[in-house]
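In my numbering, the protein residues as written are 155 to 293.
Step one of this worksheet: look at the structure below.
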């Protein structure tokens, strides 16, 4: 269902402050790209800290959008959604992503270098190679 021949999912979380405006901007962005989400979910995340180095939750609202994969058109949309999210001080969920850029990863998870310091150098996932590896942290 998801992946190169199916759907791409974009899940972001943005702080409470401007969440309404950011959610509207994200939905407008999808509309401007001529794509509608087959499934849209909006949830409120609470104020409890999420201490993991790559923990996605933060206080704010999370928006999940599912789009059919239409090639470069969809990839451009996803990149624009990433930019809007990061500009608002939010995060993009790496657990539901097959195309996150290294820059989006670093902006979403500023503590990633602490995890890299603990990584076994003999083991690296494709995700880590695509993100942290491109940031020059790995060999």
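Think of the CB as a built atom: it goes at the ideal place given N, C-alpha and C, for glycine as much as any other residue.
In this text the structure is predicted, and so the values were computed from the model without any measurement.
Who are residue 164's beta bridge partners in DSSP?
219
Which same chain residues, not among the five before or five after residue 194, have their C-beta less than 6 Å away from its C-beta?
219
Per DSSP, what kind of secondary structure is residue 237 in: helix, strand or coil?
helix
Residue 285, DSSP secondary structure in three states:
coil
Under a Cβ-count criterion, where at least 16 other Cβ atoms within 10 Å of its own Cβ denotes burial, should residue 198 be classed as buried or exposed?
exposed
Would you mind working out which of 278, 175 and 187 sits nearest residue 232, comparing C-alpha positions?
187
If you compare alpha carbons, which of 260, 208, 235 and 209 is closest to residue 163?
235
Once you ignore the five residues that flank residue 279 on each side, which residues in its own chain have a CB closer than 6 Å to its CB?
none
For residue 181, report the span of its alpha helix (DSSP H) as first-last.
173-186
Exposure label - residue 165; buried when at least 16 CB within 10 Å
buried
Whole-angstrom distance between residue 275 and residue 203, CA atom to CA atom:
30 Å
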